[in-house]
Amino acid sequence: MSLAITLSRAQEGVAAPLVTVEVHLAGGLPGTAIVGLPEAAVREARDRVRVAIQNTHFEYPNRRVTVNLAPAELPKDGGRFDLAIALGILAAGGQVPREALAECEFLGELALSGELRPVTGVLPALLRASREGRRMIVPAGNAAEAALVEDADVRVAANLADVCAHLRGAGELPPPAAAVAGDPSGGAPDLADVRGQAQARRALEVAAAGGHHLLLVGPPGTGKTMLAARLPGILPPLGDLEALEACAVRSVAGLQVDPARWRERPFRAPHHTASAVALVGGGPHPRPGEISLAHHGVLFLDELPEFDRHVLEVLREPLESGHIVISRAARQAEFPARFQLVAAMNPCPCGYAGDPRGRCTCTPEQIARYRGRISGPLLDRIDLTVEVPRVPLAELGSARTAGDESSAAVRARVIAARRHQIARAGRPNAQLGTRELERDCALGAAERSLLERALDKLGLSARAYHRVLRVARSIADLDGGAACVGREHLAEALQYRRLDRA
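If you read the sequence shown in full-length UniProt numbering, its first letter stands for residue 1, the second for the next number, and so on.
Structural data, given as structure tokens:
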């Protein structure tokens with residue numbers, strides 16, 4: 001029988017659907033046809049595979065070769081199927097044993113010399129193959145990425161000849177070297193470098209404890225960017241599954257995964273000229289954007305009003321749902337986007353509104369127009385807003401004080417608070433649903449009276465009401481995991497709704 005079957009994986013968002021590669025050899029005029037909705041790079045595989053087989057000193061069949069990539073309705077792109085196609089052709093011709101292909105999956109692009117080149121999306125493919133109990137063979141260039149899945153049966157190969165020797169029992173392919181992760185917060189700058197800004201530091205700690213979104217407002221040069229860059233260093237460490245999910249997005253995007261830093265939380269800071277597609281993802285072949293690359297990490301938007309309003313509006317749904325669906329005429333892809341937003345802005349176009357020296361030159365109309373670039377629905381989704389005022393020069397040059405805590409000290413409190421949340425609800429406070437809020441954030445009569453007066457005075461929406469409760473619950477968790485949300489916790493949470501009454 002001149003039919004052989006090999007297995008590979010396609011790339012569809014962060015999913016990796018199985019692709020069955022069927023190869024049939026028949027009589028007739030010699031030629032190769034690839035069917036099954038292949039795109040240009042896949043159709044060109046017939047020439048790459050033919051030359052690679054010949055240069056590896058195997059015989060390319062002088063027959064009619066038909067390659068079917070199933071399921072037919074799934075689009076296939078890239079060079080990731082080259083290795084599976086080549087092995088199917090060799091197995092159909094009897095040069096590689098068919099039975100050796102049954103329990104393996106293959107990923108890799110072939111060079112004309114027969115060498116294997118790395119491909120994108122190996123990590124999600126490997127996770128799926130591991131769950132289904134099959135071995136995966138990947139290029140040596142993907143070894144660092146493949147090593148992250150500890151319980152996976154994976155082998156790495158440098159070229160087609162080595163893979164064939166392995167399948168014929170004439171050689172053994174090595175597994176990837178085990179990944180050694182460093183300190184998950186070792187690369188983040190220290191919060192102790194920030195002088196003063198007690199209120200902003202407190203807001204940063206509350207945001208880290210509950211996973212809340214944060215907006216920093218202040219004149220230029222007051223430390224807004226410094227504070228934002230130090231948020232990853234005080235966040236709790238990523239769990240194994242969270243770290244793999246974040247790395248899977250990087251893998252699909254074609255970004256290198258550093259095995260020494262794969263447990264660090266992502267920190268993405270796109271420029272304000274970024275387009276909507278760059279921010280949320282898209283393109284003819286949907287790729288993850290900045291919000292997905294910040295999955296389980298921090299997305300920092302500096303100079304928030306300078307972003308195009310349309311670009312900012314596309315953040316509204318992902319901020320609530322934690323994922324983004326990219327729809328195109330021929331395909332649809334879903335990417336995770338459970339990120340923590342930290343934004344920074346000046347109080348006015350010149351940056352000095354409210355300065356005691358009277359340096360602001362903006363009119364009230366200019367200030368209103370500037371702040372109006374950020375829509376109310378987007379601001380409604382930001383849990384904490386805090387002012388970052390100028391720090392006196394004398395304080396900048398002074399030695400560290402007791403208030404200038406290190407990231408390690410703050411992180412210990414954040415981890416303790418997050419531990420209360422996970423034990424209580426299984427998730428950070430920022431992700432609590434309505435029923436969980438009613439259960440975990442029950443208010444006494446005095447607290448409810450305070451909140452009702454604040455709602456009436458500030459004109460808060462129902463969404464803002466729930467977000468105030470979530471922030472108050474995080475403040476209570478920082479307060480030794482208090483069983484109930486107290487008046488002082490609620491009052492502090494209300495202070496962070498600054499722009500609701502601006």
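Built from N, CA and C at the ideal position, the CB exists for glycine as well. Keep in mind it's a predicted model, so treat the numbers as computed, not measured.
| Asked | Found |
| --- | --- |
| On a Cα-Cα basis, can you pick out the residue from LEU379, ARG418 and ARG155 that is closest to GLY480? | ARG418 |
| Taking only three categories from DSSP, how would you classify GLY210? | helix |
| How far does the beta strand (DSSP E) with GLU334 in it reach, from first residue to last? | 332-336 |
| Need the endpoints of the beta strand (DSSP E) that ALA33 sits in, please. | 31-35 |
| What does the Cβ neighbour count give for ALA72, buried or exposed, with the cut at 16 atoms within 10 Å? | exposed |
| Roughly how many whole angstroms lie between the Cα atoms of HIS57 and LEU116? | 16 Å |
| How would you call ALA502, buried or exposed, if buried means at least 16 neighbouring beta carbons within 10 angstroms? | Residue confidence is low: ALA502 scores 45 on pLDDT, short of 50, so the model does not pin down where it sits. Its coordinate-derived value is still stated next. Exposed is the call here. |
| Could you pull the DSSP bridge partners for ILE324 from this structure? | PHE335 |
| Taking the C-alpha atoms as reference points, what is the distance between GLU39 and ALA45? | 10 Å |
| Which residues in the same chain as PRO288 place their Cβ atom closer than 7 Å to its Cβ, once the five residues preceding and following it in sequence are excluded? | VAL249, VAL252, ALA253, GLY281 and PHE335 |
| Here's the rule: buried if 16 or more other CB atoms are within 10 angstroms of the residue's CB, otherwise exposed. What is LEU255? | exposed |
| Less than 8 Å between the beta carbons of ARG470 and ASP383, yes or no? | yes |
| Could you give the uninterrupted runs of the alpha helix (DSSP H) lying entirely in the segment 150-199, keeping only those of 4 residues or more? | 160-167 |
| Taking 6 Å as the limit between beta carbons, can you name the residues of its chain near ALA344, skipping five residues before and five after? | LEU216, LYS224 and ASP302 |
| I'd like to check one pair, CYS164 with VAL96: are the Cβ atoms closer than 8 Å? | yes |
| Please determine, among ARG411, LEU214 and HIS310, the residue with the shortest C-alpha to C-alpha distance to SER275. | HIS310 |
| Which residue's Cα is closest to the Cα of ASP151: ALA157, PRO139 and GLU132? | GLU132 |
| Quick check: what's the CA-CA separation for GLU405 versus ALA52? | 60 Å |
| Out of ARG64, GLU103, GLY121 and ARG50, which has the shortest C-alpha to C-alpha gap to ALA16? | GLY121 |
| Report the partner residues of GLY282 according to the DSSP bridge assignment. | ARG287 |
| When the Cα atoms are used, what is the spatial distance from PRO118 to HIS212? | 38 Å |
| Have a look at GLU448 and THR361 and give me their C-alpha separation to the nearest angstrom. | The identity of residue 448 in the sequence shown is Arg, whereas the question assumes Glu. The alpha-carbon atoms of ARG448 and THR361 are separated by roughly 42 Å. |
| Which residue comes first and which comes last in the alpha helix (DSSP H) that contains GLU387? | Note, GLU387: premise wrong, no alpha helix (DSSP H); beta strand (DSSP E) at 384-387. |
| State buried or exposed for THR273, treating a residue as buried only when at least 16 other CB atoms are found within 10 Å of its CB. | exposed |
| Apart from the five residues just before and just after ALA464, which ones in its own chain have a Cβ nearer than 6 Å to its Cβ? | ASP380 |
| Please return the same chain residues whose Cβ sits closer than 6 Å to the Cβ of GLU492, not counting the five positions on each side in sequence. | ILE475 |
| Please report the straight-line C-alpha distance between GLN11 and LEU393, rounded to a whole angstrom. | 54 Å |
| Which same chain residues, not among the five before or five after residue 566, have their C-beta less than 8 Å away from its C-beta? | There is no way to answer for residue 566, as the model of the chain reaches only from 1 to 502. |
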